[in-house]
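*Asks:* Here our numbering is used: the first residue of the sequence shown is 114, the next is one more, and so on.
In this text, a Cβ means the ideal position worked out from N, Cα and C, and glycines have one as well.
Computed from a prediction, not measured in an experiment: that's the story for all the values here.
Dropping the structure in here first, questions after.
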Amino acid sequence: MILSVLACFAFLPQMQAALPPEIPGNPDGCYPAFTTAEGCNALALLGGGFGNTAIGWYSLFLADAASLNTGVGAGALALTTTPAVSNTAVGAGAMLLNGDGSDNTASGNWSLTYNVSGNRNNAFGSFALFNNVFADGNTAIGHNALLNNDFFGDDVADANTAVGDGAMFANIDGARNIAVGADALGSNILASDNTAVGFNALLANDNSGLGSAVDNTGIGAQALLNNINAFGNTAVGSGALQFNDFTGNNSARANTAVGAEALNLNTDGRANTAIGVDALLNNDSSGLGNASGNTAV
């Protein structure tokens, strides 16, 4: 789709720019209504909008009455039009397909590219929030962070925060998740209200796409790494609950592990509490699900 849009721009006939004459005695690109434009067809179809800045090939091309937008880079905010306001897009293709979405910030090539009507989103890094269409209030920092958020345009994947290379890469309709660290919650598709802090924390969470793996908290490198469908688990420490719900049976629920490698090999056991390094390390390592309700402090 993006290539088609760019091709259409490339073959458009030369158009009469709607911009008024430049203000005499000022640097090149200075126009009335607090407007600055530089580049082929930048702000070409500006109507009553004001306070826009467009620098780059076809940046803010369809602006019309849209106001207070800044587009820097080839195709940045190219399709943005009335009533969009207060968007900032920096990078080639940044917010390219934005229609009337407002109060968004995108910095990085192809960041927030597919955004049409999403509002109050923040994307920093190439391909950050790339496929977001309608969802609101998301923050993605890092290459490919929240890449597939709102991929189908269902407008439910709101209020997610992803910081780190590939953080929440696969998320489509999950909401209110927090992921900090490279690949944290990287496979999450539909599940909501999870918190992952650390490299690969909750990496496999909801990779089945069932959406049942909610209300999990993993803090530490590879904490709850292999959890697939289970919910309500808390892991604090490197490798804590690392193999929890490895089978995806959704029986390993409501476990609490605090300490490096605590409950590390637990597979299907539920309602266990382990506090301390290696506490209940081998609990339910057989994967039979019989080791439930244990406490080790």
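Between the beta-carbon of Ala365 and the beta-carbon of Asp391, is there less than 9 Å?
*Replies:* No, these two residues do not count as a Cβ contact at 9 Å.
*Asks:* For Asn165, name the three-state secondary structure that DSSP assigns.
*Replies:* Coil.
*Asks:* Let me make sure I understand the geometry here. Which of Val410, Gly406 and Asn379 has the alpha-carbon closest to that of Asn396?
*Replies:* Comparing Cα positions, the closest option is Asn379.
*Asks:* Can you tell which of Asn357, Gly361 and Ala253 has its C-alpha closest to the C-alpha of Ala404?
*Replies:* Checked all of Asn357, Gly361 and Ala253; the closest Cα to Ala404 is Asn357.
*Asks:* Exposed or buried, what is Phe312 when buried is set at 16 or more other beta-carbons lying within 10 Å of its beta-carbon?
*Replies:* Its Cβ being crowded by 16 or more others within 10 Å, Phe312 is buried.
*Asks:* I'd like the list of long-range same chain contacts for Gly164, defined as Cβ closer than 6 Å, with 5 residues on each side in sequence excluded.
*Replies:* For Gly164, where only same-chain residues beyond five positions count, the Cβ hits under 6 Å are Phe147, Ser180 and Leu181.
*Asks:* Within its chain, find whatever has a CB closer than 6 Å to the CB of Pro126; leave out the 5 residues flanking it on each side and keep chain order.
*Replies:* Any reading at Pro126 is ruled out, since the residue's pLDDT is 43, under 50, leaving its predicted position unreliable.
*Asks:* Compare the beta carbon distance of Ala387 and Ala375 with 9 Å and say whether it is the shorter of the two.
*Replies:* Their beta carbons are under 9 Å apart, which means Ala387 touches Ala375 by this criterion.
*Asks:* Within 10 angstroms of its Cβ, does Asp286 collect 16 or more other Cβ (buried), or is it exposed?
*Replies:* Buried, by the Cβ-count rule.
*Asks:* Quick one: grab the DSSP three-state call for Gly331.
*Replies:* Residue state, collapsed to three classes: strand.
*Asks:* Straight-line CA distance for Ala409 to Ala314?
*Replies:* Going from the Cα of Ala409 to the Cα of Ala314 covers about 23 Å.
*Asks:* May I ask you to report which of helix, strand or coil DSSP gives Asn385?
*Replies:* In the structure shown, Asn385 sits in coil (DSSP, three-state: anything other than H, G, I, E or B).
*Asks:* Excluding the 5 residues flanking Asp271 on each side, which residues of the same chain have their C-beta closer than 6 Å to its C-beta?
*Replies:* Once the five neighbours on either side are set aside, the close Cβ partners of Asp271 are Ala248, Asp249, Gly250 and Ala288.
*Asks:* Could you check if Leu190 is buried or exposed, using at least 16 other CB atoms within 10 Å of its CB as the buried criterion?
*Replies:* Burial call: buried.
*Asks:* Report, in whole angstroms, the separation of the C-beta atoms of Asn346 and Asn329, which I expect to be a contact under 8 Å.
*Replies:* Between Asn329 and Asn346 the Cβ distance is about 5 Å, and since that is below 8 Å, they are a contact.
*Asks:* Can you tell me whether Phe265 is buried or exposed? The criterion is at least 16 other CB atoms within 10 Å of its CB, across all chains shown.
*Replies:* Exposed.
*Asks:* Can you check which of these residues, Thr360, Phe243 and Asn340, is closest to Gly352 by C-alpha distance?
*Replies:* Among Thr360, Phe243 and Asn340, the Cα nearest to that of Gly352 belongs to Asn340.
*Asks:* Start and end of the beta strand (DSSP E) containing Ala150?
*Replies:* Ala150 -> beta strand (DSSP E) spans Thr148 to Glu151.
*Asks:* So what does Gly184 bridge to, in DSSP terms?
*Replies:* The partner list for Gly184 (beta bridge, DSSP) reads Ala167 and Ala202.
*Asks:* If you check the beta carbons only, do Asn318 and Asn307 fall under 9 Å apart?
*Replies:* Going by C-beta atoms, Asn318 is nearer than 9 Å to Asn307.
*Asks:* In the DSSP assignment, the beta strand (DSSP E) including Phe356 goes from what residue to what residue?
*Replies:* Taken as a continuous stretch (DSSP letters only), Phe356 belongs to no beta strand (DSSP E), as it is neither H nor E.
*Asks:* Contact criterion: CB-CB distance below 9 Å. Does Leu394 meet it with respect to chain C?
*Replies:* Absent from the structure: chain C. Only one protein chain is present.
*Asks:* Give the DSSP-derived three-state secondary structure of Leu159 in the structure shown.
*Replies:* Here Leu159 sits in strand by DSSP.
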